[in-house]
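Letter by letter, the sequence shown follows residues 21 to 627 of the numbering used here.
Backbone N, C-alpha and C define an ideal beta-carbon position, used for all residues, glycine too.
All values derive from a computational prediction rather than experimental measurement.
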Amino acid sequence: MKLTQKQKEIVDYIDGAVLVTAGPGSGKTRILTQRIANIVEKRKGKVLALTFSNKAAEEILERVKEGIVSEEYDRVHVGTIHSFCLDIVTNKGNQIGLPSGLSIIDSKSDKLELLKKLYDTFSVELPTEKTLYEIIQSIEECKRKFISSEMIEKSENNMYFINVYEAYNNFLISNRVIDFDDILYYAYRILVEKPKVAINFTRLYKYILIDEAQDLNETQYKVIRALTRNFNNLMMVGDSAQSIYGFNGSDSTIMTEKFVEDYNPKLFVLIENFRSTSRIIEAATKLQPNSKSHSVYPLEGVLETYSFNSEQEEAEWVVFKIKELLDKGSKWIESKIELDNVAIIGRNRYLFSKVEELLQAKALDYSFGNSSTNLECETIEMKIFEQGIKVLVNPFNDLPYNQINTYLGRSSLAEDYLNDLLDRREINNLELNSKIVSAIIDGWRIIFENEESFFKALTYIEGCIEKENSLDENFKFLIQNDVNLWKDRWNKYCRQSVGGVRNLSYFRNQVALGKLNTDNNSGVSLLTVHMSKGLEFGVVFIIGLTQGTFPDYRVKTPAQRSEELNNMFVAITRAKRECYLTYPREKMMPWGEVARQSPSEYLGIIK
């Protein structure tokens, strides 16, 4: 498809700041990637594109590669803001006194364990689990706002928290770990306190582009500002009507107001929708009149609302309709409808339970595709393997070492965690298979001797599993899946890196960031609204449209109501040709009562 005149203007506008406000289906990603290709063709230097999800980054990079010659691939770097900032921290952190070899704490439970260990050093009574959790929550909130312990105004009421916060941070660094919220904070500090770092980055990257800019929060924008001092080749692309991450602090006015004030960008607005048919766009425009999208396709499409007696009946109709579309097709869709061109969207994940049961019963493939959540190993043996990788990466952090000993039912007495890990084969847990655990220890030794032998270590463990005839078939299936999960991650890392310079620490941090997820996206996609962002499907079902479910009952403030309306706008604009809106008139509540339901207020808006 050729570019429109307005799209071509954006692609050809190379030098200077640019803001593109792009409605759903307006070709936003296409414009972004073609502009990158145009810059690479006509200008020198590298290009940096930042977005908010690993999946979006992969899609942008794949599309860019289609438009440039292979010799120019290394001139384009695409990643998430967090992955870019982690590179700054790991490569330049020594300039602000951070130790080398930092690894990421990627679970709340690890944070709580570290906090408990900290209290042990205080020699004071350990607070309740609830209090510890609240302290972690408060620390996370401070870090997300770039508020260090020194910046908090001292008073009698908060001195206790200030002391714990400061000690917790020091404790993290002494263990050579950082938590997820530290990544942006330390990157910002480096860029501000060591301005030459920022200067060197903008000498390297002559052009910087921000995708989904409506999702920027204040701290992310501060990082971008610190990075782009006296730099003007900055492009932002986004749609304020699709801002749905307010709970993470995102604010679309950063893109529409602050960026405009700070950079005085050339403004472009795209309102043509190349994705959806007219009925879907009409409904979306009723939800968000300011979106002003208009249809390019001369097709009416389908937008229909259905109510049912119960959630069970609702699910039965949805699955019946999917089977009907698979068998008979749709007059609005030229090609044969496949399962992966169908999505079921719900405000929250619990809404899918009835649908999931019926899809299983009808042998229809489905997935919770596009999930950014890291998959976890299901067997204790491979959980032990993962914790061992953490020790290999960072032998100063005793959390994973202690976790291994807990799994194995043995004491944690050694001071040299790494050597104890590689040499000690004591197992006091009868539920574990000792031969497989021994093979895992051998696998660690293989990796310790050569980090690039990670796949070899997994193959060795796999061979020991195959030889072990006493294993239950169900267990064998589960542990093989766990091994395959790590194989897939390593293979993906190898495709993205060069042999001879692969690094176990970098690999582990990429896993923690979710960059090496290999989710199965086959079949019907069951998606929450947040998971559906950026995707499109020929047929979409939006289920559970009752008042209190969508909009969510927790929505109280005007800002929350605005964001929830954006959620509905995003959900409905995922549909290209057919969109079905459904709700149950009665619902079984968690406490066992059947409650009458009112249709969502959004259904009244789009009538």
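Check	Outcome
Three CB pairs or more closer than 8 Å across the stretch 38 to 51 and the stretch 276 to 291	yes
Leu433 beta carbon less than 9 Å from that of Asn449	no
Straight-line gap, Lys62 to Gly463 (C-alpha atoms, nearest Å)	49 Å
Extent of the continuous alpha helix (DSSP H) run through Ala37	Premise fails: Ala37 is in no alpha helix (DSSP H) and is neither H nor E.
Contact check, Asn189 vs Ser169, beta carbons under 9 Å	yes
Span of the beta strand (DSSP E) around Cys397	Looking at the DSSP string, Cys397 is not in any beta strand (DSSP E), and its letter there is neither H nor E.
Closest by C-alpha distance to His550, when choosing among Phe72, Asp130 and Ile59	Phe72
Beta-carbon proximity of Glu20 to Leu419, cut-off 9 Å	Nothing can be reported for residue 20, as the shown portion of the chain is limited to 21 through 627.
Nonlocal neighbours in the same chain, by C-beta distance under 8 Å from Leu307, ignoring five residues either side	Leu585, Met588, Phe589, Ile592, Tyr622, Ile625 and Ile626
DSSP bridge partner residues for Ala363 (one or two, in chain order)	Ser545 and Val560
Beta carbon of Arg445 nearer than 9 Å to that of Ser458	yes
Proximity below 9 Å, CB of Ile125 to CB of Phe200	yes
7 Å Cβ shell around Lys535 - same chain, five flanking residues per side excluded	Asn74 and Ser103
Sequence-distant residues of the same chain with beta carbon closer than 6 Å to Val197, five excluded per side	Ser123, Ile125 and Asn417
Host beta strand (DSSP E) of Glu451 (start-end)	Run containing Glu451: none; DSSP gives neither H nor E here.
Spatial distance of Arg597 from Asn220 (CA atoms)	48 Å
Extent of the continuous beta strand (DSSP E) run through Gly99	Val96 to Thr100
Ile193: first and last residue of the uninterrupted alpha helix (DSSP H) it sits in	Met179 to Ser194
The stretch 485 to 493 contacting the stretch 463 to 475, beta-carbon criterion three pairs below 8 Å	no
Counted within 10 angstroms of its Cβ, other Cβ atoms place Trp611 as buried (16 or more) or exposed	exposed
Residue range of the beta strand (DSSP E) that includes Leu132	It is not in any beta strand (DSSP E) - Leu132 instead sits in the alpha helix (DSSP H) that spans Lys128 to Phe142.
Alpha-carbon spacing of Glu161 relative to Gly47, whole angstroms	36 Å
Among Val31, Val60 and Ile172, nearest to Tyr93 - alpha-carbon criterion	Val60
Simplified DSSP state of Thr24, which is helix, strand or coil	coil
Nearest residue (CA-CA) to Ala233, options Ser270, Thr248, Lys64 and Lys85	Ser270
Alpha carbon of Glu302 to alpha carbon of Thr24, nearest angstrom	22 Å
Per-residue DSSP class, three states only, for Asp572	strand
Cβ pair count under 8 Å reaching 3, the stretch 564 to 573 against the stretch 399 to 408	no
Start-end ranges of the beta strand (DSSP E) lying completely within the stretch 409 to 492, minimum 3 residues	none
The stretch 290 to 299 in contact with the stretch 337 to 346 per 3-pair CB rule at 8 Å	no
Sufficient close CB pairs (3 or more, under 8 Å) joining the stretch 322 to 334 to the stretch 356 to 369	no
Three-state secondary structure assigned by DSSP to Pro604	strand
Classification of Pro604 by the beta-carbon crowding that lies within 10 angstroms, buried from 16 upward	buried
Ile264 - DSSP class collapsed to helix/strand/coil	coil
At least three beta-carbon pairs within less than 8 Å, the stretch 207 to 220 to the stretch 235 to 249	yes
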